[in-house]
Every structure is written in structure tokens, then in C-alpha cells.
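Quick notes on the structure that follows.
Protein chains in written order, with the numbering used here: chain A, 96 to 603; chain B, 918 to 980.
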């Protein structure tokens, strides 16, 4: 009888011990996140908004404060290194220095991280004291598929995913030799590998929110997606199936904060928000501010450097009314760089003159304040005729559509009826052939139909039978903007001259 | 790709952004007057946000 009693007591004790061992205590974890920073280090105003937001030194102060409450990971969901002179002039090095100082835990590799080319990207990966992730990119040394972080007794797996569109949204040479695998399949495979090694699976995604939602619906085993690419202001975490999805807008205007309570590999509780970042001299991280200001000083110095000398006044302000020598110069550079048959720019995009004498980078920012990139299209002779019928048809010539061109001569008579104003077109020295095809380079603004150029919209919509892509788009985004092309030309040539040559001839 | 802005279909190419969609729809000037773009889940999206085939966006006037 005594033995039976001891046996029963032993069983009860064993069950108690097993229960205690199996149900680990809950753990609180904080995820801080940022995406699509694009080098916006200083507070800035956006279109239609009077208030300045952002500023990485203020964001860092907020991150430091939030890290004191509970164990935290600081994650970046891509497109951190490119997009603003503060970052571009240093090929992303300035951003990495800030991220190192802020002690980021991991970063996914955004499509714009490739814009400086693979050699520069590898240098930035080398500079970083945190891993660059992308499970669906093969062929780039230094990029990891995932990382497992041990924090507060938890093993947190963080998997990077990058948009599969990267090869068509940057210059082909930037992704030469790399393979971009389907994100969903890659996620499934990697999660299978990691699920048993980790307590929490996070996908650090640069796919865009719609693709993140799709991923959450189709792939099981993801606890959290920290996203980027679509620049979405997800104020409260979204819950799709068993997966939470967050994203922190853009340009460091907010810091994402997600508090998790985790037990037995499950999220018991979550609470998330976006913390709006505004400049406040009492809430600033001084060491980060020092780095921001140091690079800003260098940026100002570079913008003030003499790049070349204008041998004549380069007149751009009149570009929305008539052919100008500065309009010709910019169109010539664009055509030469892209090897297109002809170039067309909207006169309204050229905003200032460069007077005879020193040319500084800041002068170029005044002339070309918009960050536009070249778009190369295959156009027919009839398309070209239609483009110029519209381009010279503005009765008061104030709308910005007046064309600045290279590789083409156009004559027109403003007194003729609409649609018959163009009286002659030559491509180089040859008459335009209506049924021939030519390569035309313009900027992304006109390509999207800006300034009313609906003809470009129609050209872009012309699709291949077997593809969703336009058959007429030869290159959409090289990852290099037109201002950079012009500045490189000026730095190379040094002595700059241009003249009005009668490329657009108005008959009286 | 095809997206919808204010229920109107727009055909764009891969790589184009919210900003390009607004220009194509001749609605960019509304942004300067204080309007904002929202996705189909009601989240605000930035002008440089990437687009994805089949997505729906709405331009709304905000205070």
C-alpha cells in the first residue's frame, strides 16, 4: 500500500515538474523599425505640409528612450542608403555610419541599395556592424539570408526579402550576375529551416505592403513582417491570418514601435504604434547629430565646389517659351549618355540660369531642382510628330510643355490649326520617317504623361503580347538621375559652352 | 501593371511610383493643396511608394 502511495506521489510530482518546465515564462520584447529612410537625415517639409518632420538625430533619441524600457531590436526594412544628397554624395557611407552608431540589429537590402553598383554595395556591407539580409538574392558576397538574434532568452530569426522587381528598376549592370528568387517560395523554404531553431520568426521585407499581405496569406510560420518599399504609414499593426504586419511610412518621419509578449513560441499580446518624429532640441541624440552635421558640412562644401566654368551665360529660365542654350546642353548630355536618337525635356523643368563664370553643384540644383531620371522609349515617326504637335501647341506658353531637344530639328507655325502646327521634322540630317522607329530619351515626369503629354502615356501602355511590360520601354530607371549626368559631364569637360541653334524653329 | 486611383484604372510600368500615378492622372496638384493618397486598407502612402499590380488607391482631402 505504501509503495502504491509513493508511486502515485511520484507521478503527481513528475507532472508538476513537467508542467513547470514546458510552460516557460512570458517574455516582453520591443521591435523598433524604420524603412525607406533614403538618406533624409535632417528634418524636412513635404508637399502640402507646413510642418517639418523627421531628423535622424531626433529619431535616434526616441529609439534610445524606448530601448530603456525593455529588450529591443532595431530593424531597417531597406532603401536606407540612397535618395538625398546627404547620402548620395557619399554613396550611402553617411547612413551606414549613423546606423552603426544607433546599433541597428539588421537591415534588409532594398532595391535602391543597388543604385551605386555592386562594388559600392559590398563596401557598405563591409562597413556595417549589422547584417545585410536578402534570402532571395543569390550571387552577392556579404549578403545573408537570415540572422538569429538571441535576446531576453529568446531566439529571434530575422529573414530578409527583397522585391523581385529590382532587376527592372535599376540599371542592368547594377544587378549583373545576381539572381532574384521568388520571395514566397524563398520564405517557405527558409522558414522550414528556421522554425525549430527559433522562438519568433520575423520577415524583414522590402516587397511592399500588398506583397506582404499576400505573403502572410500564403506562407505559414511568419510571426511578424516588418515591411518597406510601399512607403506605407501603418499606424496600428495589421493582422493577416496569424501574422502581424507593420511598416513605418518613409524618410524617418516616424519610428515604428511594436511591443510583444511572447510565450512558448507564440505572441500572447501585441501593441504597436508609429512615433511621429519632430525636431526638438531637448530630445536629440548628440552623437548622431554630430555625425549628421559633419556630413552636412561636407555636403555643403561639395555643393559649393567649382565643377567647371561657363564660357557664356547659360540661359535656362526662358526654356518654357523658346529654345535655350542651357536646354540644348542638358538635352545633348542626356542623348549622348544614353545613346538615344533624340532627347526631349520639358522646358518647365529647367528653372534657372547659370551665368558666365564658375559653375557649382548648387547652381545645378537650382537649374534642375527635381530629381528625375532618364527613360528611354522606342517611338515611331508618327509618335514623334504627335509629341511635337502637342509640345508647340501651348497658346500662352506658360504650362512648361515647351520642348528642349537634342538630335532633332522641328519647325512649326503657331498660326496653323491644332494638330497641323508642325511643318517639318528632321532626325539628325534626315527627314522623319513616319513608319520608322527611333530611340527617344526623356525624363520620368514626361514619360508618366506630365505637363499633359498623354502621347507618352499611350506609348508606355503599348504592351507585349506575352508580357505585362510595355514593349516600348527600353530603360525606365537606371538608378542615376539626370542632374548627376549633367554634373559628371561638367566635371569632365570643365569649360562649358552652348548655343541656340534653331532646333525649334517658329515660322512667322 | 494596372492600378486604380479613385476607381479609375491606370496602366503603368514596373518601377513607377505613387507620384507617377498622380502625374498620369493629372492629380499631382491636389497634393500641393493638401490631399493625401491612401491604400485599400486605409493606410496613407508616401509619394515615392512603390506600386503593385492590381492595387487600389484613393486621393482624399485631409485637414
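Even glycine gets a Cβ: it sits at the ideal position worked out from N, Cα and C.
Discussion item. Suppose you measure from the CA of residue 603(A) to the CA of residue 210(A); what does that come to, to the nearest Å?
Written reply: The residue labelled residue 603(A) in the question sits at position 508 within the first chain. The residue labelled residue 210(A) in the question sits at position 115 within the first chain. So the two alpha carbons sit approximately 47 Å from each other.
Worksheet item: Which class does residue 255(A) belong to by DSSP, given the choice of helix, strand or coil?
Response: By one-based count along the first chain, residue 255(A) stands at place 160. In this structure, residue 255(A) counts as strand in the three-state DSSP scheme.
Worksheet item: Expressed to the nearest angstrom, what Euclidean distance is found between the alpha-carbon atoms of residue 228(A) and residue 533(A)?
Response: Here the question's residue 228(A) lines up with position 133 in the first chain. Here the question's residue 533(A) lines up with position 438 in the first chain. Rounded to the nearest angstrom, the two C-alpha atoms are 41 Å apart.
Discussion item. Applying the 10 Å Cβ sphere with the 16-neighbour rule, what's the burial state of residue 421(A)?
Written reply: Taking the first residue of the first chain as position 1, residue 421(A) is located at position 326. Under this definition residue 421(A) is a buried residue.
Item to complete: Alpha carbon to alpha carbon, how far is residue 142(A) from residue 409(A)? Give it in angstroms, no decimals.
Response: Residue 409(A) sits at position 314 when you count from the first residue of the first chain. Residue 142(A) sits at position 47 when you count from the first residue of the first chain. Residue 142(A) has its alpha-carbon roughly 29 Å from the corresponding atom of residue 409(A).
Worksheet entry | Straight-line gap, residue 536(A) to residue 291(A) (C-alpha atoms, nearest Å) | Indexing the first chain from 1 puts residue 536(A) at position 441. Indexing the first chain from 1 puts residue 291(A) at position 196. Their Cα atoms are separated by approximately 53 Å.
Worksheet item: When you compare only the Cα positions, how much space is there between residue 529(A) and residue 432(A)?
Response: For this step, residue 529(A) is matched to residue 434 along the first chain. For this step, residue 432(A) is matched to residue 337 along the first chain. About 26 Å.
Item to complete: Determine, using beta carbons only, whether residue 925(B) comes closer than 8 Å to chain A.
Response: The sequence position of residue 925(B) within the second chain is 8, counting from 1. Answer no: the Cβ-Cβ gap between residue 925(B) and chain A never drops below 8 Å.
Item to complete: Verify the CB distance criterion: does residue 506(A) have a CB-CB separation below 8 Å to chain B?
Response: Your numbering for residue 506(A) matches position 411 in the first chain. False, the Cβ-Cβ gap to chain B never drops below 8 Å.
Practice prompt. Go ahead and label residue 416(A) buried or exposed: buried means 16 or more other beta carbons lie within 10 angstroms of its beta carbon, across all protein chains shown.
Written response: The residue given as residue 416(A) occupies position 321 in the first chain. Exposed is the call here.
Fill in: Beta-carbon neighbours of residue 263(A), restricted to chain B and to distances below 9 Å
Taking the first residue of the first chain as 1, we reach residue 263(A) at position 168. Ordered by position in chain B, the residues that pass the 9 Å Cβ test against residue 263(A) are 930, 931, 932.
Discussion item. Suppose you measure from the CA of residue 426(A) to the CA of residue 199(A); what does that come to, to the nearest Å?
Written reply: The residue you call residue 426(A) lines up with position 331 of the first chain. The residue you call residue 199(A) lines up with position 104 of the first chain. The C-alpha of residue 426(A) lies about 43 Å from the C-alpha of residue 199(A).
Practice prompt. Using beta-carbon positions only, say whether residue 184(A) and residue 394(A) come within less than 8 Å of one another.
Written response: Taking the first chain and counting its residues from 1, one reaches residue 184(A) at position 89. Taking the first chain and counting its residues from 1, one reaches residue 394(A) at position 299. Going by C-beta atoms, residue 184(A) is nearer than 8 Å to residue 394(A).
Worksheet item: What residues of chain B sit near residue 326(A), judged by a beta carbon separation below 7 Å?
Response: If you number the first chain from 1, residue 326(A) lands on position 231. Under the 7 Å cutoff, chain B gives 962, 963, 965, 966.
Practice prompt. Check the DSSP bridge columns for residue 590(A) and list the partner residues they point to.
Written response: Taking the first chain and counting its residues from 1, one reaches residue 590(A) at position 495. Note: residue 590(A) sits in a beta bridge opposite 404(A).
Worksheet entry | Coarse secondary structure for residue 374(A), derived from DSSP in three states | In the first chain, the residue the question calls residue 374(A) occupies position 279. Of the three classes helix, strand and coil, the one that applies to residue 374(A) here is coil, per DSSP.
Fill in: Contact list for residue 544(A) against chain B, beta-carbon separation under 9 Å
Position 449 of the first chain, counting from 1, holds the residue named residue 544(A). Result: 937, 940, 941, 942, 943.
Item to complete: Go through its chain and collect everything with a Cβ distance to residue 458(A)'s Cβ below 6 Å, but skip five positions before and after it.
Response: Here residue 458(A) corresponds to residue number 363 of the first chain, with the count starting at 1. Excluding residues within five positions, the ones whose Cβ falls inside 6 Å are 449.
Discussion item. Checking 8 Å against the spacing of the C-beta atoms, do residue 940(B) and residue 540(A) come in under that value?
Written reply: Residue mapping note: residue 940(B) aligns to position 23 of the second chain, counting from 1. Residue mapping note: residue 540(A) aligns to position 445 of the first chain, counting from 1. Contact flag set, yes.
Practice prompt. Could you please give the first and the last residue of the uninterrupted alpha helix (DSSP H) stretch that includes residue 977(B)?
Written response: Your numbering for residue 977(B) matches position 60 in the second chain. First-last for residue 977(B): 973-978, but that is the beta strand (DSSP E), not the alpha helix (DSSP H).
Item to complete: Pick helix, strand or coil for residue 517(A), following the three-state DSSP scheme.
Response: As a first step, residue 517(A) is located in the first chain; it is residue number 422 there, counting from the start. It is a strand residue.
Practice prompt. Sort out for me which residues DSSP pairs residue 358(A) with in a bridge.
Written response: Taking the first chain and counting its residues from 1, the one referred to as residue 358(A) is at position 263. Answer is 361(A).
Item to complete: Determine whether the Cβ of residue 277(A) lies closer than 8 Å to any Cβ atom of chain B.
Response: For the purposes of this step, residue 277(A) is identified with residue 182 of the first chain, where counting begins at 1. So no, residue 277(A) is outside the interface.
Discussion item. Cutting at 6 Å between CB atoms, please list the residues of its own chain near residue 922(B), excluding the five before and the five after it.
Written reply: As a first step, residue 922(B) must be located in the second chain, where it is residue number 5. If we look at residue 922(B) and ignore the five residues flanking it on each side, its Cβ neighbours are 938, 942, 974.
Fill in: Within chain A, the residues that residue 958(B) reaches when beta carbons sit closer than 7 Å
Here residue 958(B) is taken as the residue at index 41 of the second chain, counted from 1. Per Cβ cutoff of 7 Å: 333.
Worksheet entry | Members of the segment 354-372 of chain A that neighbour chain B once the beta carbon cut-off is set at 9 Å | Across the segment 354-372 of chain A, no CB contact with chain B closer than 9 Å is found for any residue.
Discussion item. Excluding the 5 residues flanking residue 963(B) on each side, which residues of the same chain have their C-beta closer than 8 Å to its C-beta?
Written reply: Sequence index remark: in the second chain, residue 963(B) carries index 46 (1-based). Taken in chain order, the residues that qualify are 935.
Worksheet item: How long is the line joining the alpha carbons of residue 338(A) and residue 365(A), rounded to whole angstroms?
Response: Stepping through the first chain from its first residue, residue 338(A) is reached at position 243. Stepping through the first chain from its first residue, residue 365(A) is reached at position 270. Their Cα atoms are separated by approximately 11 Å.
Worksheet item: How long is the line joining the alpha carbons of residue 126(A) and residue 302(A), rounded to whole angstroms?
Response: Against the first chain, residue 126(A) aligns to sequence position 31. Against the first chain, residue 302(A) aligns to sequence position 207. One C-alpha to the other measures close to 19 Å.
Worksheet entry | CB contact flag (residue 321(A), residue 172(A), <8 Å) | Your numbering for residue 321(A) matches position 226 in the first chain. Your numbering for residue 172(A) matches position 77 in the first chain. Yes.
Discussion item. Suppose you measure from the CA of residue 219(A) to the CA of residue 253(A); what does that come to, to the nearest Å?
Written reply: Start at 1 with the first residue of the first chain, and residue 219(A) comes out as number 124. Start at 1 with the first residue of the first chain, and residue 253(A) comes out as number 158. Residue 219(A) and residue 253(A): Cα-Cα distance of roughly 20 Å.
Item to complete: Determine whether the Cβ of residue 977(B) lies closer than 8 Å to any Cβ atom of chain A.
Response: Taking the first residue of the second chain as position 1, residue 977(B) is located at position 60. No, because no Cβ of chain A sits closer than 8 Å to the Cβ of residue 977(B).
Worksheet item: Hey, residue 132(A) and residue 204(A): beta-carbon distance below 8 Å or not?
Response: Translated into the one-based positions of the first chain, residue 132(A) becomes position 37. Translated into the one-based positions of the first chain, residue 204(A) becomes position 109. Going by C-beta atoms, residue 132(A) is not nearer than 8 Å to residue 204(A).
Worksheet item: When the Cα atoms are used, what is the spatial distance from residue 349(A) to residue 979(B)?
Response: Counting from 1 along the first chain, the entry for residue 349(A) is found at position 254. Counting from 1 along the second chain, the entry for residue 979(B) is found at position 62. When rounded, the distance between both Cα atoms is 19 Å.
Worksheet entry | residue 318(A) to residue 296(A) span [Cα, whole Å] | Residue numbering aside, residue 318(A) sits at position 223 when the first chain is read from its first letter. Residue numbering aside, residue 296(A) sits at position 201 when the first chain is read from its first letter. Whole-angstrom Cα-Cα distance: 5 Å.
Practice prompt. List the residues of chain B that residue 344(A) touches, going by C-beta distances under 8 Å, in chain order.
Written response: Here the question's residue 344(A) lines up with position 249 in the first chain. Near residue 344(A) (Cβ distances below 8 Å), the residues of chain B are 961, 963.
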